[in-house]
Structure formats: C-alpha cells, structure tokens
C-alpha cells in the first residue's frame, strides 16, 4: 500500500483495542465542491471485543445509531459489547454468507478461483442486499447520524453500504474504491487469519474445499471487489444514481443527505444576501455578494438552511417596525442553521450541529452569526424548513396563551386570523392545553386548514372595513360561536376592525391578547372592559424572551416535545429561494398565506 493510503487510514482510524477497522469515512470531496463531514459516518468490523475504554472512546464520538449488518447467528455468537440507552441499534437479515458458501462450490479451490468467486459475489450484493442498503440509506437521510455501519469483518456488507452512502453524497468512484481499499491496510495478515480459521473447530465443507491461500484471497479487500459491485449496478440500473432511485433514495432524499453530511471546503470568502438599502416594499430588496462574517465571542457562525418569514419582515423594510436597523440590512427574522464555526467562549456547540434561532433581522442570507445563548438545538432528524417556522410563531403563542392569557383546559379560546402562522400555532397550542378552540378566518380553505389543525369550530368573516351594522353583525356571530358564557381568551394577531366585535364576545374576566395588527391599529371603547371585568393584554414575545430567558427556554423545550410528539406541526404554505425573498415577503403581506412562508438559501 502507498504512503498516501497509509495517511488516509491514519487520519480516519479510531484507535481501539477490540476493533481494528473502526474508522471515519468522512473527509472525501464531493462532486459539488463540498466535502463529507467528519464525525458523522463511521464504518467498522465486529464490535463484540471492545474493552471498557473502547466503549468510552466511542461514547465520546457522539455516535447515536448502530447499523449491524450481521446475520442473526453472527450476532448471537458475538454480541456487541457497546450498548447504552443513548444508542439505537438496527439489525437486518442479510443472509449473504449462505449465498457465498453456495456460490463457492462452483469455483475451483485455487487463489484464482477464490478471486473470481469474490468478484462474482460482489456483483450479486446490490441485488441480494438491496432491502438492507435501502433501509440504511433511508435512516441516514432521516437524520440517524452520527452512525456506525458494521458487520463481522467490516469489508463486504459494510463496504458496500459505505460505498452507496458516499455515492449518494456525490463522491467520485475512484475515492469510493480508495476508501474500500483502506480495509486492506487493517487486514494485512489475511494469511495468518485464514490459517487460524482452518485451525478452529468449525471447519465446514467450505473450509475443507478451500485452503488457507484461497481463503486469504477472500478475506482481502482489493478495489476490484467493490468495483465489481459498482459495475453490476451500472449494468442493471445504468448508474449508481439509478440504483439509488430503485431503493427509494431519490434526488430529494439525496439532497437532504448532502445538506446534512456535506460541508464547504474551508471558509467561503463571500456570500449572497438579500439587502434592504432603501425604505420601501419587497421590490426594493437587492441580492448582493458581501464578505462572509466571522463569529465573535459568544457567537456561532451558521450556514442558513432555511429562514422563516414573519410579519415584522414586512414592516421592517418599510421602517414601520418598532426596531429600525441601520441600512443596509437583510430582513429575515428566524432561521434554522448548521454550525460552521464556534466563537470564543462558546461551549456545548460543535461544527455540524443544527439549531434554530430568532435573529430579529439578517436571516435572508447564506451565512450569518447568531448568539449561542439564544440558539436552540434542532431535534435529531427534524425538518429544517419546519424548524425555521417554529420559534417566532409558536414561542410567541405559548407565551401569550400561558403567561398572558392563563388559558386552562376546558376554557374557550377564540383565535382571529386562525390560518396564518401564529393563528394556526394558537389553534394547535390551544388544543394541546385542552381548550375548546373557535377559529375565525376569511375563507373556506382557511377554515379547513384551521379544522385540520384541530379547531373545534370555524367561523368565516368578511373582509374589513366594516360599518356599524356590519361590526354588530360580526360581534353577534362571534358570540354565537363561542357560546353563552363568552370566550375566556381571545387571541388577536389581526387588529383593525375585527378587534371590537371580538371583544364584545369575551366572557367575564376574560383575557384579550393583542398579538399584532396587520389590519390596522384598533380603537376600543374601554367601557367594554369595565362591563366584562376583562383584561386587554399586550404580547411582546421578543422583549419577554430577552428579559426572562429561562422561562422562554422552558417554553421552547415544551414546544420541541410537542413537535416531536406530533401535537404541533408547523404548516408550510410556500417555499422560496433566496433570490425570491422579496416575493416571499410580498406573499405574506397579501394575507393570502395559509401557514408559514420559508426561504431556503441553499
């Protein structure tokens, strides 16, 4: 083996007493110019002989998933020594060893015959183990990383699975062959191993037929073996991509894998950003190249995977928001990102970690820095697009309903604008808290969206403005919908002419939550608050989160739990590319969206 191969192995090998071929198969360049992330993908031989120190070493790698490709009899004979509640192990029924033994009887018991046997055996692997490889790839695409793929020798089954993962990530064939061949560096004593096999007490007809030299050939790992499998794939499916498609690992899934498992080679010097350089609407935004930022103390540099669009983004570019950043600036108030670099003084975060964060502005770009202490870890396998739609709407709403509205199970919640981002969040969180939820919307399709989110009833109102008679008629409809005792809590992210009719439907000592007013700043007759002994409560989540970060973190933890349980699910109305960010803001301003709007810069 060459010195270059020795270097490749040394860079990747994890030093263990009980597993000689446990290595990282990251670090390879992909066709798009990025490289496979280190510390996410590992491959290994059997894990049954690990020492206690070995297990500690592996725990420190942060591996969460084990793909054990061995057959049941192998697992029973050599149980994995590395276990723990933090590990999820997937086992399969490959059955390929039986296939190899059956095939062997048709080949001459010579070194040349053994080589031919392995070439033909590898050509069969993509067919005989398609179900196994497909499941491994699907789980990796769904976020089951960091992971280790292993079998007994870490060569045939593991080698094929690793080759397919690398191919899905866009790694060239020559590098896939080179990675496979590294196994040979850990198995240079194949002759001694073969003789040991023949000396043990489990000799079979297979071992009687083939001598030590032929078995040593089978135990070797020349690139020609894995090359035979790739050639067979080309012959049967046209390309590895065609084979991956046949496994259900389509381009969308491969893109998801690349987004999670590839990183830029080095730091980029410039990045694209959508800038507001003058006061105006979305049509005034311009896509430009600017220097990429560096993380300062307490910050994380992240690659923006997705940016959620919220109503403050409409206001901030028109200088109508309470906070007015110095121009030029980028709108984009919340993101889901992947950590590229960690600033000084930051602990608990590492390159490759995924997070969600409210940025206030600046999110419509390829990279940005965010405060580490205001970032929240994205759950494993969670969708980055949904992650970018979570914090502003759901954190605002849980604070509103619990801290300001004191909503209790069995109470009635009236939600205005119930098909928008915060409106649907209020419907879902209201139901999660056990309330009866009445959704008020402007169209039947929005009413259906609210029902789908769990609303008990949906009321369709006309578009404002209203005259006095129309306002009274709407108040009567609200009263009928919420019932005779009135609404305990009213959640209003709309404002304008809808406010007074809604307030007239409030119950005794009810709470009216002022969340936003895209329909205009409302005017209220304060005598209504006296007659109902009710509270009108402002909800300014941003200030709350800054003043009470621990309480806010508790709310976010609850949201993450509900999200993973499926009790809340951010509904995505539309997705846009970075260059379409102005269109995304315009669509939100039109008030036609049902759910959230997200921009994906990648």
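Numbering (full-length UniProt numbering), first residue to last: 1 to 602. Just so it is clear, CB atoms sit at the ideal spot from N, CA and C, and this is done for glycine as well. Source: prediction; values computed, not measured.
Distance between beta carbons of residue j and residue i, contact taken as under 8 angstroms
| i | j | result |
| --- | --- | --- |
| residue 137 | residue 164 | 6 angstroms |
| residue 334 | residue 271 | Actually they are not in contact, since the Cβ atoms of residue 334 and residue 271 sit about 19 angstroms apart, beyond 8 angstroms. |
| residue 298 | residue 346 | 6 angstroms |
| residue 41 | residue 150 | So it is not a contact: roughly 12 angstroms between Cβ atoms. |
| residue 407 | residue 494 | No, residue 407 and residue 494 are not in contact; Cβ-Cβ is about 19 angstroms, not under 8 angstroms. |
| residue 34 | residue 265 | 6 angstroms |
| residue 63 | residue 89 | So it is not a contact: roughly 11 angstroms between Cβ atoms. |
| residue 445 | residue 594 | 7 angstroms |
| residue 361 | residue 328 | Not confirmed; about 11 angstroms, so no contact. |
| residue 295 | residue 369 | 5 angstroms |
One or two residues paired with residue i in a DSSP bridge
| i | result |
| --- | --- |
| residue 595 | 420 |
| residue 577 | 600 |
| residue 29 | 35 |
| residue 337 | 304, 355 |
| residue 537 | 513 |
| residue 368 | 302 |
| residue 215 | Its beta-bridge partners do not exist; DSSP assigns none. |
| residue 263 | 35 |
| residue 42 | 24, 148 |
| residue 521 | In DSSP, residue 521 forms no bridge with anything. |
| residue 377 | 355 |
| residue 270 | 291 |
| residue 68 | 91, 150 |
Span separating the alpha-carbon of residue i from that of residue j
| i | j | result |
| --- | --- | --- |
| residue 258 | residue 513 | 43 angstroms |
| residue 306 | residue 600 | 4 angstroms |
| residue 201 | residue 213 | Residue placement at residue 201 cannot be trusted, given a pLDDT of 42 that sits under 50; the coordinates are not used to answer. |
| residue 313 | residue 128 | 53 angstroms |
| residue 377 | residue 344 | 19 angstroms |
| residue 156 | residue 122 | 8 angstroms |
| residue 176 | residue 93 | 25 angstroms |
| residue 412 | residue 52 | 57 angstroms |
| residue 227 | residue 181 | 11 angstroms |
| residue 120 | residue 55 | 37 angstroms |
| residue 352 | residue 289 | 24 angstroms |
| residue 585 | residue 417 | 18 angstroms |
| residue 209 | residue 217 | 14 angstroms |
| residue 61 | residue 39 | 7 angstroms |
| residue 70 | residue 143 | 22 angstroms |
| residue 16 | residue 23 | 10 angstroms |
| residue 543 | residue 558 | 20 angstroms |
| residue 492 | residue 409 | 20 angstroms |
| residue 551 | residue 545 | 8 angstroms |
| residue 547 | residue 174 | 56 angstroms |
| residue 603 | residue 433 | It is not possible to answer for residue 603, since the shown part of the chain is limited to 1 through 602. |
| residue 225 | residue 118 | 7 angstroms |
| residue 501 | residue 516 | 16 angstroms |
| residue 689 | residue 229 | The question about residue 689 has no answer here: the residues shown for the chain are numbered 1 through 602. |
| residue 237 | residue 292 | 42 angstroms |
| residue 134 | residue 91 | 13 angstroms |
| residue 27 | residue 12 | 9 angstroms |
| residue 587 | residue 364 | 16 angstroms |
| residue 563 | residue 139 | 19 angstroms |
Distance CB(residue i)-CB(residue j) smaller than 7 angstroms
| i | j | result |
| --- | --- | --- |
| residue 330 | residue 244 | no |
| residue 431 | residue 454 | yes |
| residue 141 | residue 253 | yes |
| residue 607 | residue 263 | No information on residue 607 is available, as it lies outside the stretch 1 to 602 that the chain covers here. |
| residue 438 | residue 414 | yes |
| residue 162 | residue 25 | yes |
| residue 510 | residue 534 | yes |
| residue 159 | residue 45 | no |
| residue 260 | residue 170 | no |
| residue 332 | residue 355 | no |
| residue 249 | residue 167 | no |
| residue 458 | residue 464 | no |
| residue 300 | residue 339 | yes |
| residue 394 | residue 425 | yes |
| residue 522 | residue 496 | yes |
| residue 570 | residue 386 | yes |
| residue 309 | residue 276 | no |
| residue 506 | residue 468 | no |
Chain B within 7 angstroms of residue i, Cβ atoms only
| i | result |
| --- | --- |
| residue 536 | Judged by its chain identifiers, the structure shown contains no chain B, having just a single protein chain. |
Residue i beta carbon near the ligand ATP (any heavy atom closer than 6 angstroms)
| i | result |
| --- | --- |
| residue 12 | Questions concerning the ligand ATP fall outside what the structure shown contains, since it holds no ligand whatsoever. |
TODO: Report the residue ranges of all alpha helix (DSSP H) runs contained in full by the region 272–328; include only those spanning at least 4 residues, in chain order.
DONE: 311–316
- [ ] May I have a chain-ordered list of the beta strand (DSSP E) segments no shorter than 3 residues that lie completely inside the region 441–506?
- [x] 457–460, 487–492
Open item on the list: My parser needs the alpha helix (DSSP H) runs of 4 or more residues fully inside the region 380–406; what are they?
Closed with: 384–387
Open item on the list: What ranges does the alpha helix (DSSP H) occupy inside the region 222–252, keeping only unbroken runs of at least 4 residues that lie completely in it?
Closed with: 223–237, 240–246
Open item on the list: For a minimum of 4 consecutive residues, which ranges assigned as the alpha helix (DSSP H) are wholly contained in the region 89–134?
Closed with: 96–104, 111–128
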